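Asks: Heads up: the sequence shown is residues 324 to 646, going by this note's numbering.
Where a beta carbon is used, it is the ideal one built from N, C-alpha and C, also for glycine.
From a predicted model like this one, the values you see are computed outputs, not experimental measurements.
So that we are looking at the same thing, I have put the structure below in structure tokens.
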Amino acid sequence: MTPDASATAARRPGEQALTSLGLGAPALDPADTSSHTFPGGGRWRTEIPSCEGPEALAVVLKEASRLDVPIHRISQGSGVWMLTDAEITEMVEATGERDIELCLFTGPRGTWDIGGSTRTDSRGGGLRARGHDAVAGCVEDAVRATELGVKCLLVADEGVLWTLHRARAAGIIPADTTLKVSALIGPVNPAAFAVYERLGADSINVPSDLTLDHLTEIRRVSGAPMDMYIEAPDDLGGYVRMYEVAELIRRGAPLYLKFGLSKAPGIYPYGHHLRELTLSTAKERVRRGRLALDLLARHGADGDMAPLGSRLPGTLQRFETSA
């Protein structure tokens, strides 16, 4: 099914009732429809974030089976360095059995080190890796994780992204490793999105407060996979955009639908002192995914999901790595 045909077939929320009352919305503009897809077909994939260890992963997989929630990717936020080799191996094996991509966060971040600028009103420095040693920690995490079988790495620094892309090209980490840009540094304009793609990003998490027009603007310059929280954690705004899912896909494809959770305390960096909270929120994220997928089905917009097990981004634009 072509993107335009999919958009035409889908029913917009409340459309029939509002039209009968003389309150119908303007017709959708076909020019706003993204022309891009994932390689191998499909316009959207799913992601369950904040899965902080093997126990939380087991909860997510069990609940996904119970609620019939398809999952393409599961991501973690605390970092490779917060997991033992045995825990990483257990997560790799469990996701591998389901053909789900596992994505682990790399290395030290500015908000966790001794730098004070991130605690000022301006939040200067943000999540980026401060200094050579922080970059080195991220690279160490990347090498360790990929040696244990992890195929997707989450980054929150442009320099780390470029370094890991070069490491991938040089064979230091496997060539099929995918690099995902965190929502914590997500680009908010087409030019920035295109730069992340060229630095080596295979999927780019944009902030959840971008408008539909912003997504269309980005898609006019880049076909790199985009990630977006359909429900964002409170520290990222707490936005809930479930009723917009069909339109987010139409405008933003290829798009990862991330099922986050608002009104929940933060759990990074995870430890067993946060166990009950982490397990209960992991379970609820899957349920939120079921609610969003039910809305898509109700509006006839649940087609064009990428095949389960697909993970690669297709051909993307890159800066030359030889310089």
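1. Which residues bound the beta strand (DSSP E) around D550?
2. Going by DSSP in three states, V544 sits in which element: helix, strand or coil?
3. Would you mind listing the beta strand (DSSP E) stretches within the segment 336–379 that are 3+ residues and don't spill past its ends, in chain order?
4. For the segment 541–551 and the segment 567–576, state whether three or more C-beta atom pairs, one from each stretch, are separated by less than 8 angstroms.
5. If I follow the unbroken beta strand (DSSP E) through Y519, where does it start and stop?
6. Taking all protein chains shown into account, do 16 or more other C-beta atoms lie within 10 angstroms of the C-beta of K581, making it buried, or fewer, making it exposed?
7. Grab the span of the beta strand (DSSP E) containing R396 for me, first residue to last.
8. Should E338 go down as buried or exposed, given a rule of 16 or more other Cβ atoms within 10 Å for buried?
9. Excluding five sequence neighbours on each side, which residues of the same chain lie with their C-beta closer than 6 angstroms to the C-beta of D480?
10. Would you please state the rounded distance, in angstroms, between the beta carbons of I590 and S373? I believe it to be under 8 angstroms.
11. Just to confirm, are M565 and A615 a CB contact at a threshold of 8 angstroms?
12. Would you mind reading off the limits of the beta strand (DSSP E) that contains E424?
13. Can you confirm whether the segment 367–384 touches the segment 344–357 when touching is taken to mean that 3 or more C-beta pairs between the two stretches lie within less than 8 angstroms?
14. Look at A547 and I572 and say whether their C-beta atoms are less than 8 angstroms apart.
15. When burial is assigned at 16 or more other CB atoms within 10 Å of the CB, is S388 buried or exposed?
16. How many angstroms separate the CA atom of M628 from the CA atom of I437?
17. Can you tell me where the alpha helix (DSSP H) holding T501 begins and where it ends?
18. Kindly indicate which three-state DSSP category A330 falls into: helix, strand or coil?
19. Out of G612, K586, H537 and G460, which one is the CA nearest neighbour of D561?
20. For P636, which residues in the same chain have their Cβ closer than 6 angstroms to its Cβ, ignoring the five residues on either side in sequence?
21. Rounded to whole angstroms, what is the Cα-Cα separation between D408 and L471?
22. Sorry if obvious, but does the Cβ on S373 come closer than 7 angstroms to a heavy atom of the ligand SAM?
23. What three-state label does DSSP hand S401 in the structure shown?
24. Pick out the complete beta strand (DSSP E) segments inside the segment 570–598, 3 residues or longer, and give them in chain order.
25. For V568 and Y593, what's the separation of their Cα atoms in angstroms?
26. Any idea what DSSP makes of I508, helix, strand or coil?
27. For V473, name the three-state secondary structure that DSSP assigns.
Replies: Taking the coordinates as given:
1. Counting along the chain, the beta strand (DSSP E) containing D550 begins and ends at M549 to E554.
2. Coil, per DSSP.
3. If we require 3 residues or more, the beta strand (DSSP E) runs fully inside the segment 336–379 come out as 367–371.
4. Yes, the segment 541–551 is in contact with the segment 567–576.
5. Per DSSP, Y519 belongs to no beta strand (DSSP E); it is in the alpha helix (DSSP H), P513 to L522.
6. Buried, by the Cβ-count rule.
7. Per DSSP, R396 is one residue of the beta strand (DSSP E) stretching across R396 to S398.
8. Burial is judged here by how many other beta carbons sit within 10 angstroms of a residue's own beta carbon; E338 has fewer than 16 and is exposed.
9. These residues qualify, in order along the chain: R451 and A452.
10. Right, the Cβ-Cβ distance comes to about 6 angstroms (below 8 angstroms), so this counts as a contact.
11. Contact flag set, yes.
12. Counting along the chain, the beta strand (DSSP E) containing E424 begins and ends at E424 to F428.
13. Contact between the segment 344–357 and the segment 367–384 is absent: fewer than 3 CB-CB pairs across the two stretches fall below 8 angstroms.
14. Contact annotation: A547 and I572 have beta-carbon atoms that are not nearer than 8 angstroms.
15. Classification for S388: exposed.
16. Going by the C-alpha atoms only, they are around 43 angstroms apart.
17. Element bounds for T501: not the alpha helix (DSSP H) but the beta strand (DSSP E), T501 to V504.
18. Any reading at A330 must be qualified, since the residue scores a pLDDT of 45, below 50, and its modelled position is unreliable; no value is offered.
19. It is worth fixing the name first, because residue 561 is Gly in this sequence and not Asp. Residue K586 is the option with its Cα nearest to G561.
20. Result list for P636: D525 and P548, in chain order.
21. When rounded, the distance between both Cα atoms is 7 angstroms.
22. Because no ligand of any kind appears in the structure shown, any question about the ligand SAM cannot be addressed here.
23. Coil at S401, not helix or strand.
24. Whole beta strand (DSSP E) segments, 3+ residues: 578–582.
25. When only Cα atoms are considered, V568 and Y593 end up about 30 angstroms apart.
26. Looking at I508 - three-state DSSP - the assignment turns out to be helix.
27. Three-state result, V473: coil.
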